[in-house]
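The block underneath contains the structure these notes are about, expressed in structure tokens.
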Amino acid sequence: MLGLTASLLFLMAGFVSAGPANLIQEIVISKNLNDGIDGVNIRVNVANDSAQAVQNPTITLWVRDNMQSDWKLIKEWSNHDAISPDHRLSHDYFANAEGTIEPEFLANNFEVKAEIWENGKLRDSFTKMHNQ
């Protein structure tokens, strides 16, 4: 019984994180290529719910047209010195069919991924599939 209790405590301790986890709360994809407002908007919502600031963050946004293709970097934001504790922010990426639009967005299905890097180290990654 003591061994089981010790093992359970060890497993529970593995879920405690020293730094912020799940910084990327969601990715919202709005695609309208048919009804006169041709374009794609991708919003990356970030929240730092921890007691530690994320220093020198860089948020990257990637796209690919299927789960087998390579990721393609489409946007990078590095305009924050830190993401403070209890701070929330969002970044929007806009693509317009009349201007610049990645060919992956013209497909019915594509996948996007956002990452947060802190001082060159990956802190969080979030992937979302868009199916039309």
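For reference, each letter of the sequence shown is one residue, going 1 to 132 in the numbering used here.
For each residue, glycine too, the CB sits at the ideal point set by N, CA and C.
None of these values were measured; they are calculated from a predicted model.
Alpha-carbon spacing of alanine 107 relative to histidine 80, whole angstroms
Taking the first residue of the sequence shown as position 1, residue 107 is located at position 107. Taking the first residue of the sequence shown as position 1, residue 80 is located at position 80. Spanning the two alpha carbons is a distance of roughly 33 Å.
For glutamate 118, write down the residues that DSSP places opposite it in a beta bridge.
Here residue 118 refers to the residue found at position 118 when the sequence shown is read from its first residue. According to DSSP, which records beta bridges pairwise, glutamate 118 is partnered with Pro57 and Lys121.
What's the gap between the Cα of tryptophan 117 and the Cα of glutamine 55?
Counting from one through the sequence shown, the residue named residue 117 turns up at place 117. Counting from one through the sequence shown, the residue named residue 55 turns up at place 55. When rounded, the distance between both Cα atoms is 9 Å.
Express the C-alpha separation of proline 103 and lysine 31 in angstroms, rounding to a whole number.
By 1-based counting over the sequence shown, the position of residue 31 is 31. By 1-based counting over the sequence shown, the position of residue 103 is 103. Distance between the alpha carbons of lysine 31 and proline 103 is about 13 Å.
Rounded to whole angstroms, what is the Cα-Cα separation between valine 63 and lysine 72?
Working through the sequence shown from its first residue, we reach residue 63 at position 63. Working through the sequence shown from its first residue, we reach residue 72 at position 72. Their backbone Cα atoms lie some 5 Å apart in a straight line.
Rounding to the nearest angstrom, what Cα-Cα distance links asparagine 48 and methionine 129 in this structure?
Translated into positions along the sequence shown, residue 48 becomes position 48. Translated into positions along the sequence shown, residue 129 becomes position 129. Between asparagine 48 and methionine 129, the C-alpha separation is close to 24 Å.
Give a yes or no on whether the minimum CB-CB distance between lysine 72 and chain C is below 8 Å.
As a matter of chain content, chain C is missing from the structure shown, which is built from one protein chain.
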